[in-house]
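> The opening residue of the sequence shown carries number 39 in the numbering used here; numbering runs sequentially from there.
Glycine included, each C-beta is placed from N, C-alpha and C at the ideal position.
Below is the structure I would like to discuss, written out as structure tokens.
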Amino acid sequence: MRARLRSASLRSRLMAAVLLSVAGALAVTVLAFNVVLDGRLSSDANSLLHARASAELSTLRVVDGRLFAAEAPDDAALDSQVWVFAGARPLERPRVPARLDRAAAGLAGAGHRTIEVGSTRMYAVPVVRQGRRLGTVVAGVSLQPYQRTARIALVSSIILGLLLLAGVTLLARWLVRAALRPVAAMTRQAADWSERDLDRRFGLGDPNDELTELAATLDRLLERLAASLRHEQRFSAELSHELRTPLSRVSARAELALRHPRDESGYREALTSILNDAAQMTRAVDALVAAARSEAGPRGTSDARTAADRAVSTCAPLAERRHVSLELDAPAPGPRVGVDADLVERILSPLVENACQYGNSSVRVSVRADNGAVVFDVVDDGPGVAPADADRIFQPGVRGSASGNGQAGAGAGLGLSLARRLAQAADGSVSVEAGRGGRFRVRLPVA
């Protein structure tokens with residue numbers, strides 16, 4: 039039964055709940071009504087019995103200690119089902135079936151007592167004068183009218199309850215359909231938008247009821263879907279951008295090496311260049327995958343100095359080739375940063391590599407804790423960044439004006455845009471200060 043209810047639609051479950059609740063309430067109401075009515079009818083029958091007995095008692099006479107019943111004015115009095123007994127001798131009796139007459143005789147001499155014989159209720163009252171019992175009055179009443187009234191009331195109440203249940207069913211069905219119709223329409227629209235147009239929204243404003251709350255929830259869901267899609271598109275675009283240049287160089291150098299025979303040193307130089315480009319592509323892919331994982335799951339913690347030292351060590355060969363001094367200024371142990379060391383290294387490496395590429399003679403990397411964050415500063419004595427390029431250099435495929443001075447060479451590899459992307463994925467930021475000398479700053483959350 040529970041399995042069937044779970045598999046049923048929401049409309050069916052609501053209808054079942056309404057019908058069960060209303061049917062239960064109607065059943066209790068009908069039952070209570072008939073119980074109360076039966077009690078009331080029984081009370082009315084008892085009242086009639088007592089009234090008949092009292093009326094008969096008022097007509098009795100006592101002469102010389104003997105009980106006498108008044109003469110009945112007509113035959114109608116004999117049909118009122120009242121018996122008068124002097125001891126066990128009947129003084130007055132109605133025309134009734136023998137079984138009722140026997141039952142009344144059995145009540146002679148009894149105290150106050152009520153019995154039912156078939157559909158007749160009988161009530162006995164002793165006749166007492168001056169403390170002496172002289173006889174018994176027995177009154178009877180037929181219960182058939184009361185029982186007929188009770189049956190009519192029971193059948194009528196059941197029919198009325200069924201009619202009410204049918205009416206409530208029709209009304210509930212209409213109300214449930216009317217209430218769920220907007221929900222079904224919104225669900226279809228949300229499903230259609232999720233496949234065709236993720237920029238559409240319901241836009242019903244602040245939630246003030248269940249419907250607007252559902253619309254707001256669906257809007258947030260569509261927004262998350264759209265953000266996820268934009269994230270995947272950006273991931274694909276950045277991956278394509280980062281791999282296009284090294285792949286082109288690999289292809290060009292391989293074709294050139296095959297087309298023009300050369301000595302062993304020439305082949306070694308070509309293979310070394312291809313190996314460097316492959317390493318650059320590997321680093322790009324690893325960085326992008328790390329960014330995707332950081333955005334999708336929890337991040338660890340690491341020592342900021344250790345992570346910065348790894349980035350400096352990675353870029354040390356480039357600094358040595360360009361005769362640029364590369365220094366790390368950080369306390370030991372360094373502050374704890376709320377990001378894995380690998381991710382911190384991938385954020386800093388493009389910035390340090392960029393500084394080594396453009397610096398004239400020195401590059402300095404510093405680490406410090408500042409107001410709930412860990413700050414990494416990468417400073418070089420190169421041409422710096424022009425104010426017009428401060429934001430542009432973080433866009434994929436865009437180089438600053440300093441790249442035209444011949445110092446840029448092969449470029450930063452991972453790219454400044456990817457460094458910012460990685461930092462934002464870790465709830466941090468990457469910024470640059472325009473002016474003479476490159477000044478990049480990374481802020482990451484403290485552990």
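(1) For Phe-106, which beta-bridge partners are listed by DSSP?
(2) If you draw a straight line from the alpha carbon of Arg-479 to that of Val-416, how long is it in whole angstroms?
(3) Would a C-beta distance cut-off of 8 angstroms place Leu-381 and Ala-457 closer than the cut-off?
(4) Less than 8 angstroms separating the beta-carbons of Ala-162 and Arg-151?
(5) With a threshold of 6 angstroms on Cβ separation, who are the neighbours of Ala-393 within its own chain once the five nearest residues in sequence on each side are excluded?
(6) Helix or strand or just coil, what does DSSP make of Glu-94?
(7) Taking a contact to mean a Cβ-Cβ separation below 8 angstroms, would you say Leu-236 touches Ala-264 in this structure?
(8) Which parts of the stretch 128-173 are runs of the alpha helix (DSSP H), unbroken and 4 residues or longer, counting only runs that do not cross its ends?
(9) What would DSSP say about Pro-245, mapped onto helix, strand or coil?
(10) Who pairs with Gly-178 in a beta bridge, going by DSSP?
(11) Quick check on Phe-71: does DSSP put it in helix, strand or coil?
(12) Taking 8 angstroms as the cut-off, decide whether the C-beta atoms of Ser-404 and Ala-368 are in contact.
(13) Taking the beta carbon of Asp-315 as the centre, do at least 16 other beta carbons fall within 10 Å, making it buried, or is it exposed?
(14) Comparing C-alpha positions only, which one of Tyr-396, Arg-282 and Ala-379 sits nearest to Val-323?
(15) Which partner residues does Ser-366 have in the DSSP bridge list?
(16) Any idea what DSSP makes of Gly-410, helix, strand or coil?
(17) Report, in whole angstroms, the separation of the C-beta atoms of Val-166 and Leu-87, which I expect to be a contact under 8 angstroms.
(18) Could you tell me which residues DSSP puts in a beta bridge with Ser-124?
(19) With DSSP run on the structure shown, which of helix, strand or coil describes Ser-31?
(20) Rounded to the nearest angstrom, how far is the Cβ of Leu-482 from that of Val-375, given a contact under 8 angstroms?
(21) Strictly by DSSP, which residues pair up with Gly-473?
(22) What is the residue span of the alpha helix (DSSP H) that Ser-455 lies within?
(23) Roughly how many whole angstroms lie between the Cα atoms of Leu-138 and Met-53?
(24) Nearest to Asn-72 by alpha carbon, out of Val-155, Gly-199 and Glu-94?
(25) Between which residues of its own chain and Arg-49 is the CB-CB distance below 8 angstroms, once the five residues before and five after are set aside?
(26) Could you check how far apart the C-beta atoms of Val-423 and Val-470 are, in whole angstroms? I think they sit under 8 angstroms.
(27) Starting from Asn-392, trace the alpha helix (DSSP H) in both directions and tell me its first and last residue.
(28) Are there 16 or more other CB atoms within 10 angstroms of the CB of Ala-141, so buried, or fewer, so exposed?
(29) From the DSSP secondary-structure annotation, give me the bridge partner or partners of Ser-467.
(30) Shortest alpha-carbon distance to Ser-286 belongs to which of Ile-312, Ser-303, Glu-383 and Ser-85?
(31) Just mark Glu-383 as buried or exposed, buried being the case when its beta carbon has 16 or more other beta carbons within 10 Å.
(32) Do you know how far the Cα of Ala-357 is from the Cα of Ser-387?
(33) Hey, quick one: how far does the alpha helix (DSSP H) through Ala-346 stretch, first residue to last?
(34) Going by DSSP, what residues sit across from Val-417 in a beta bridge?
(35) Have a look at Leu-145 and Thr-174 and give me their C-alpha separation to the nearest angstrom.
(36) For Arg-374, which of helix, strand or coil comes out of DSSP?
Concretely, from the data shown:
(1) Along the sequence shown, read from residue 1 onward, the residue named residue 106 stands at position 68. DSSP lists Arg-99 as partners of Phe-106.
(2) Mapped onto the sequence shown, residue 479 falls at position 441. Mapped onto the sequence shown, residue 416 falls at position 378. Straight-line Cα distance between these residues: approximately 6 angstroms.
(3) Locating residue 381 in the sequence shown gives position 343, where the first residue counts as 1. Locating residue 457 in the sequence shown gives position 419, where the first residue counts as 1. Not a contact, by the Cβ cut-off of 8 angstroms.
(4) For the purposes of this step, residue 162 is identified with residue 124 of the sequence shown, where counting begins at 1. For the purposes of this step, residue 151 is identified with residue 113 of the sequence shown, where counting begins at 1. Arg-151 is positioned such that its CB atom lies closer than 8 angstroms to that of Ala-162.
(5) As a working mapping, residue 393 is identified with position 355 in the sequence shown. Excluding five sequence positions before and after Ala-393, the CB atoms of its chain that fall closer than 6 angstroms to its own CB belong to Val-401, Val-416, Asp-418 and Gly-476, given in chain order.
(6) As a first step, residue 94 is located in the sequence shown; it is residue number 56 there, counting from the start. If DSSP states are grouped into helix, strand and coil, Glu-94 belongs with the helices.
(7) On the sequence shown, residue 236 is found 198 positions in, with the first residue counted as 1. On the sequence shown, residue 264 is found 226 positions in, with the first residue counted as 1. A contact, by the Cβ cut-off of 8 angstroms.
(8) Complete alpha helix (DSSP H) runs here, min 4: 136-145.
(9) The count along the sequence shown starts at 1 and reaches residue 245 at position 207. Here Pro-245 sits in coil by DSSP.
(10) One-based indexing of the sequence shown puts residue 178 at position 140. Under the DSSP definition of a beta bridge, Gly-178 partners with Met-160.
(11) To locate residue 71, count along the sequence shown from 1; it is residue 33. Note: Phe-71 maps to helix in three-state DSSP.
(12) The residue labelled residue 404 in the question sits at position 366 within the sequence shown. The residue labelled residue 368 in the question sits at position 330 within the sequence shown. Yes.
(13) In the sequence shown, counting from the first residue as 1, residue 315 sits at position 277. So Asp-315 counts as buried.
(14) What you label residue 323 is simply residue 285 of the sequence shown in a count that begins at 1. The option with the nearest alpha carbon to Val-323 is Arg-282.
(15) Start at 1 with the first residue of the sequence shown, and residue 366 comes out as number 328. Position check: residue 366 holds Leu in this sequence, whereas Ser was assumed. BP columns for Leu-366 point to Val-403.
(16) Your numbering for residue 410 matches position 372 in the sequence shown. In the three-state reduction of the DSSP assignment, Gly-410 falls in the coil class, being assigned neither a helical nor a strand state.
(17) Numbered from 1 along the sequence shown, position 128 holds the residue referred to as residue 166. Numbered from 1 along the sequence shown, position 49 holds the residue referred to as residue 87. Between Leu-87 and Val-166 the Cβ distance is about 19 angstroms, and since that is not below 8 angstroms, they are no contact.
(18) In the sequence shown, counting from the first residue as 1, residue 124 sits at position 86. The displayed chain sequence assigns Ala, not Ser, to residue 124. Paired residues: Arg-127.
(19) This structure does not reach residue 31, given that the chain is present from 39 up to 485, and the question cannot be answered.
(20) For this step, residue 482 is matched to residue 444 along the sequence shown. For this step, residue 375 is matched to residue 337 along the sequence shown. Correct: roughly 5 angstroms between the Cβ atoms.
(21) By one-based count along the sequence shown, residue 473 stands at place 435. Answer is Val-423, bridged to Gly-473.
(22) The residue labelled residue 455 in the question sits at position 417 within the sequence shown. 454-463 is the extent of the alpha helix (DSSP H) around Ser-455.
(23) Residue numbering aside, residue 138 sits at position 100 when the sequence shown is read from its first letter. Residue numbering aside, residue 53 sits at position 15 when the sequence shown is read from its first letter. Rounded to whole angstroms, Leu-138 to Met-53 spans 55 angstroms at the Cα level.
(24) By one-based count along the sequence shown, residue 72 stands at place 34. Selected option, being the one with the closest Cα: Gly-199.
(25) Stepping through the sequence shown from its first residue, residue 49 is reached at position 11. Counting only Cβ-Cβ distances below 8 angstroms, and skipping sequence neighbours, we find Val-214, Arg-215 and Leu-218.
(26) As a first step, residue 423 is located in the sequence shown; it is residue number 385 there, counting from the start. As a first step, residue 470 is located in the sequence shown; it is residue number 432 there, counting from the start. The Cβ separation is near 5 angstroms, so the contact holds.
(27) Translated into positions along the sequence shown, residue 392 becomes position 354. It spans 379-396 - the alpha helix (DSSP H) in which Asn-392 sits, taken as one unbroken run.
(28) Along the sequence shown, one-based indexing puts residue 141 at 103. So Ala-141 ends up on the buried side.
(29) Sequence index remark: in the sequence shown, residue 467 carries index 429 (1-based). Beta-bridge pairing links Ser-467 to Arg-481.
(30) Start at 1 with the first residue of the sequence shown, and residue 286 comes out as number 248. Comparing Cα-Cα distances from Ser-286 to each of Ile-312, Ser-303, Glu-383 and Ser-85, the minimum goes to Ile-312.
(31) For the purposes of this step, residue 383 is taken as the residue at position 345 of the sequence shown. The residue in question, Glu-383, is buried, as its Cβ has 16 or more Cβ neighbours within 10 Å.
(32) Here residue 387 refers to the residue found at position 349 of the sequence shown. Here residue 357 refers to the residue found at position 319 of the sequence shown. Roughly 12 angstroms between the two C-alpha positions.
(33) By one-based count along the sequence shown, residue 346 stands at place 308. Residues 342-359.
(34) Indexing the sequence shown from 1 puts residue 417 at position 379. Looking at the DSSP assignment, Val-417 forms a beta bridge with Arg-402 and Arg-477.
(35) The count along the sequence shown starts at 1 and reaches residue 145 at position 107. The count along the sequence shown starts at 1 and reaches residue 174 at position 136. So the two alpha carbons sit approximately 8 angstroms from each other.
(36) What you label residue 374 is simply residue 336 of the sequence shown in a count that begins at 1. Residue state, collapsed to three classes: strand.
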